[in-house]
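**Student:** Offset between the sequence shown (1-based) and this note's numbering: plus 136.
Ideal placement from N, C-alpha and C gives every residue a C-beta, glycine not left out.
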Amino acid sequence: MASLTAYKPRYIDIGINLADPIFRGRYHGKPRHPDDLKGVVSRAIEVGCTKLLVTGSSFKSSRDALKLAEEFPGTIFTTAGIHPCSSSIFSPSHHRHHDESQSEDEPEHTPACDPDPTKPIPDGDGVDNARSAVIISDLKELITTAPKNSLIAFGEFGLDYDRLHYCSKEVQLHSFTTQLELAASLSPQLPLFLHSRAAHEDFVRLLKDAFGPKLERLEKGGVVHSFTGTIEEAKELMDLGLYIGINGCSFKTLENCEVVREIDLSKMMLETDGPWCEVRPSHEGWKYLVQFEDARRKQEEEAAKIEAEKKATEELERQEQEKIEAERRAQDELEKKAAQLELGGEEKVEEGGEKKRQRQPKKPKQQQPQGKKNQKKESEVPDRFKVVKKEKWEEGAMVKGRNEPCTIERIARIVVGIKGVSVEEVCEAAWANTQKVFGPL
Ligand SMILES: [Zn+2]
């Protein structure tokens, strides 16, 4: 286990969907509790997650994210792009204008990271080219007119073949290609915030088409976030100079964790992808949180033991000093009396009397740290903040099932356990990588 030093971790959550209405207390269009976005941000800052890259995944969420950046300057930064799951706006069967597709009556929710291949939309519908031209021109307008200190990345965009029920493969490929062309045409370019799920081959091919076989024309680099692919895929992305974003979805299985072990710290960024992708006890990665807590408790116990021993030693020294003082006083007294009296017998009595009061004190009992058995009764992985159901919402508490950026410390701790390195190494590497690509933040 890596040492738990006095290092104070610092984090940048590179993928957090704070524009989702769930962070305003709205769940699937219905208000369930007060807007607690400020609490979410302050909990993040409390754990050291002082910079948040809020994902824009559609026109609406990209614009909402920009408003958040205004509300939290220096803390919230944003991306703008069209997520594969929001890409049906390119399709002719999508009747509304893209700007109307997410009205206030139908608050947009960021698609969850779990696959739901229930009703895949088949290819064949084609792409509405006139609509596509308007969308790309509007996206360019949005990106080029947004404040440069707020909007710091192009995305999220990419491919998601696990979720063809939101958008067909054909339309996703078009959406990705045209956005890549736009990204490559910008001057200066923006770093890319990319999404790739079960689509690696097409994903890499289209990236190379836009930026060259070694992505040599990709000026600012990019991150493939929420990575759940294979070791070979991760290596190919790293060889292309891309960074890899790790969140709770990256620790679901043993295979996932093996992949994380192979990702170089020099290529890793951390994210929560809240409100989704929380680490759950059923995930393989959870055991590393348990290990981390065990190590932390052991260290606390050892620190308490050392403290108790130090106190005991100090107490002994104090008593020793007292004894010496008392003996000195007794000696003075005797000398005084000897000078006054000629009788030697009294001396004996006096000496005996003093001796009685100077008995060697008992070594104080050391305070034993609480036994491990007692501590094990506590939750194995305690929550840092209180967690309540949304129906029982209270100020200052997290909402069960709604992942938020303060949980990023769990992502770092699991990486620490998997890779056998220190918290400091993980946090500082991810911080530096993020600053290099998206910064200075
Ligand atoms: Zn994503």
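Here's the rule I'm using: 16 or more other beta-carbon atoms within 10 Å means buried, otherwise exposed. How should LEU477 be labelled?
**Tutor:** So LEU477 ends up on the exposed side.
**Student:** What are the boundary residues of the beta strand (DSSP E) that includes HIS361?
**Tutor:** 358-361
**Student:** If ASP261 sits next to SER304, beta carbons under 8 Å apart, how far is it from one beta carbon to the other, in whole angstroms?
**Tutor:** Yes, they are in contact, since the Cβ atoms of ASP261 and SER304 sit about 6 Å apart, within 8 Å.
**Student:** Quickly, what does DSSP pair PHE213 with across the bridge? List them, please.
**Tutor:** LEU189
**Student:** Looking at the strands, I want to know which residues DSSP matches up with ILE152.
**Tutor:** ILE152 is bridged to VAL190.
**Student:** Give me the Cα-Cα distance between LYS327 and GLY384, rounded to the nearest whole angstrom.
**Tutor:** In the sequence under discussion, the amino acid at residue 327 is Pro, which differs from the Lys named in the question. Whole-angstrom Cα-Cα distance: 23 Å.
**Student:** Alpha carbon to alpha carbon, how far is ARG432 from TYR143? Give it in angstroms, no decimals.
**Tutor:** 14 Å
**Student:** If you follow the alpha helix (DSSP H) that GLU398 is in, where does it begin and where does it stop?
**Tutor:** 390-398
**Student:** Would the beta-carbon of ASN539 fall within 9 Å of that of TRP422?
**Tutor:** no
**Student:** How would you label GLU407, buried or exposed, when you count the other beta carbons within 10 angstroms and need 16 or more for buried?
**Tutor:** buried
**Student:** Taking PRO324 as the reference, give the member of LEU316, LYS356, LEU295, ALA346 with the closest Cα.
**Tutor:** LYS356
**Student:** Thinking C-alpha only, which one of VAL557, GLU206, LEU204, LEU287 is nearest PRO576?
**Tutor:** LEU287
**Student:** Does DSSP put SER418 in a helix, in a strand, or in coil?
**Tutor:** coil
**Student:** For VAL562, count the other beta carbons within 10 Å of its own beta carbon; 16 or more makes it buried, fewer makes it exposed. Which is it?
**Tutor:** buried
**Student:** Identify the continuous beta strand (DSSP E) that holds SER332 and give its terminal residues.
**Tutor:** 328-333
**Student:** In the DSSP assignment, find the unbroken beta strand (DSSP E) run with GLU292 in it and report its ends.
**Tutor:** Element bounds for GLU292: 287-296.
**Student:** Could you pull the start and end residues of the alpha helix (DSSP H) that GLY175 belongs to?
**Tutor:** Element bounds for GLY175: 173-182.
**Student:** Which residues have their C-beta within less than 6 Å of a heavy atom of ligand 1, listed in chain order?
**Tutor:** GLU292, HIS331, HIS361, SER362
**Student:** Using three-state DSSP, classify VAL557 as helix, strand or coil.
**Tutor:** coil
**Student:** How is the alpha helix (DSSP H) around LEU342 delimited, first residue to last?
**Tutor:** 336-347
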